[in-house]
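Chains as they are written, first to last, in my numbering: chain L, 1 to 159; chain F, 1 to 159.
The C-beta atom is built at its ideal place from N, Cα and C for all residues, glycine as well.
Please read all numbers here as calculations on a predicted model, not as lab measurements.
Read the structure below first, then the notes.
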DNA sequence: CAATACAGTTAGCCTTTGCTAAGTTATTTA
DNA sequence: TAAATAACTTAGCAAAGGCTAACTGTATTG
Ligand SMILES: [Mn+2]
Ligand SMILES: [Mn+2]
Ligand SMILES: [Mn+2]
Ligand SMILES: [Mn+2]
């Protein structure tokens, strides 16, 4: 392993930040593309889990309504979720999460809650916090989640 | 205007949060889908602007390298940016931003910087902050940006 | 200045995520 | 219980965003 020649000058306040090294920059975008591959899956399983918990069952029509998409779109997505082993169902019947689906739903729900509570603790209004959390949650690393939780706890502790 | 019947119980700590009303829930997801439509465009114009500022010109090969994507993908995307009036170029030559492209780049760059500085102020390491900011930036409302700036200023002021 | 290397484009393919329209199954109700 | 309504599925379409392979144009350099 040879050290990459570092042509990044040390940070200065008077000029615009230099571009990061190409490989690091590429990794940033790759991480985003990566998040985009799983984010819809996460939202679906999280929603299915929430529907089961709050209304006793998860039906396609409810999902379509809450996601704001057509039932056909939900039907196709459910097919994908089944083929990925996250969801189980019989034709024309309501949906269930597999063990794997439950696990993903649990993680997603928790991460979502941390981000939402953090935004509220930051002083963002509830409506805005909900909207922003829905998108941000998929792009937040564990390290950032930890920092958010620290802040939220501090903030509520000081009340 | 009639007030929507509010079946959301007042928040309780002992039970899981209730689901938001369907229309509000749908709006959350719609906002995310919306952000996804412009997010790549924003990253491209921001990068093109940065390349012009830092290296004098923006070439497809550089973009491909920094985005971690094939040159063919860049070529196609540049076609889209041109058809949207954000970028101008002659075949086989380097890229320029239109007025509209400049405006989008300016906004994106500023928003990106606010999110990045905020994450650092929160205590997130530089590498992680860069990665998370690249994704989060597209899902952050003006209200949240304001809250982030307030926090960052406070934090640096107290140093 | 010819050969080579590098940069950019085009064609053709794939997956994801959306849609509408049309069909099928299940449930409700007259 | 037959008819009507609601729920679900399927087929077929489109746009976005990736890829590789093949081609074309530009720049370097022997
Ligand atoms: Mn979520
Ligand atoms: Mn989400
Ligand atoms: Mn950006
Ligand atoms: Mn970005």
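{"Check": "Assign residue 108 of chain L to buried or exposed, taking buried as 16 or more other Cβ atoms, counted over all protein chains shown, within 10 Å of its Cβ.", "Outcome": "buried"}
{"Check": "Quick check: the Cα distance between residue 90 of chain L and residue 37 of chain L, rounded to an integer number of angstroms?", "Outcome": "26 Å"}
{"Check": "If we count Cβ pairs, one from each stretch, closer than 8 Å, do we get three or more for the region 128 to 135 of chain L versus the region 75 to 85 of chain L?", "Outcome": "no"}
{"Check": "Mapping DSSP to helix, strand and coil, what is residue 88 of chain F?", "Outcome": "strand"}
{"Check": "Taking the alpha helix (DSSP H) that residue 119 of chain F belongs to, which residues open and close that run?", "Outcome": "99 to 122"}
{"Check": "Does the beta-carbon of residue 117 of chain L have 16 or more other beta-carbons within 10 angstroms, so that it is buried, or is it exposed?", "Outcome": "buried"}
{"Check": "Consider the Cβ of residue 139 of chain L: report whether some Cβ of chain F lies at a distance smaller than 8 Å.", "Outcome": "yes"}
{"Check": "Give, in chain order, every residue of the region 18 to 37 of chain L whose Cβ lies closer than 9 Å to some Cβ of chain F.", "Outcome": "18, 19, 20, 22, 23, 24, 25, 26, 27, 28, 29, 30, 31, 32, 33, 35, 36"}
{"Check": "Keeping to the same chain, check which residues put their C-beta closer than 7 Å to that of residue 155 of chain F; ignore five residues upstream and five downstream.", "Outcome": "121"}
{"Check": "Would you please verify whether the beta carbon of residue 42 of chain F is less than 8 Å from any beta carbon of chain L?", "Outcome": "no"}
{"Check": "Assuming residue 22 of chain F and residue 145 of chain L form a contact by the criterion Cβ under 8 Å, report the distance between their Cβ atoms to the nearest whole angstrom.", "Outcome": "About 28 Å separates the two Cβ atoms, so there is no contact after all."}
{"Check": "Quick one, which of F:42, F:26, F:70 has its alpha-carbon nearest residue 112 of chain F's?", "Outcome": "F:42"}
{"Check": "Could you tell me the alpha carbon to alpha carbon distance between residue 115 of chain F and residue 138 of chain L, rounded to whole angstroms?", "Outcome": "15 Å"}
{"Check": "Who are the neighbours of residue 122 of chain L on chain F, taking C-beta pairs under 9 Å?", "Outcome": "144, 147, 148, 150, 151"}
{"Check": "Whole angstroms are fine: how far does the CA of residue 72 of chain L sit from the CA of residue 158 of chain F?", "Outcome": "54 Å"}
{"Check": "Against chain F, does residue 119 of chain L count as a neighbour if the rule is that its beta carbon must be under 8 Å from one of theirs?", "Outcome": "yes"}
{"Check": "What does the alpha-carbon distance come out to for the pair residue 85 of chain F and residue 85 of chain L?", "Outcome": "43 Å"}
{"Check": "Rounding to the nearest angstrom, what Cα-Cα distance links residue 126 of chain L and residue 33 of chain L in this structure?", "Outcome": "28 Å"}
{"Check": "Got a sec: which bits of the region 82 to 111 of chain L sit with their beta carbon under 8 Å from any beta carbon on chain F, in order along the chain?", "Outcome": "none"}
{"Check": "Indicate whether residue 46 of chain L and residue 88 of chain L have their beta-carbon atoms separated by less than 8 Å.", "Outcome": "no"}
{"Check": "Could you spell out the range, first to last residue, of the alpha helix (DSSP H) harbouring residue 80 of chain L?", "Outcome": "71 to 83"}
{"Check": "Helix or strand or just coil, what does DSSP make of residue 13 of chain L?", "Outcome": "With a pLDDT of only 42 at residue 13 of chain L, under 50, the local geometry of the prediction cannot be trusted, and no value is derived from it."}
{"Check": "Just mark residue 54 of chain F as buried or exposed, buried being the case when its beta carbon has 16 or more other beta carbons within 10 Å.", "Outcome": "exposed"}
{"Check": "Could you tell me whether any Cβ in chain L is nearer than 8 Å to the Cβ of residue 60 of chain F?", "Outcome": "no"}
{"Check": "Leaving aside the five residues before and after residue 149 of chain F along the sequence, list all residues of the same chain whose C-beta is less than 8 Å from its C-beta, in chain order.", "Outcome": "114, 118"}
{"Check": "Give me the residue from L:25, L:17, L:30, L:49 with the minimum Cα distance to residue 99 of chain L.", "Outcome": "L:49"}
{"Check": "Of the residues F:93, F:75, F:110, F:70, which one's Cα is nearest the Cα of residue 57 of chain F?", "Outcome": "F:93"}
{"Check": "Just to be sure I understand the criterion: a residue counts if its Cβ is closer than 7 Å to at least one heavy atom of ligand 2. Which residues meet that?", "Outcome": "L:39, L:42, L:43, L:112, L:134, L:135, L:137, L:138, F:32"}
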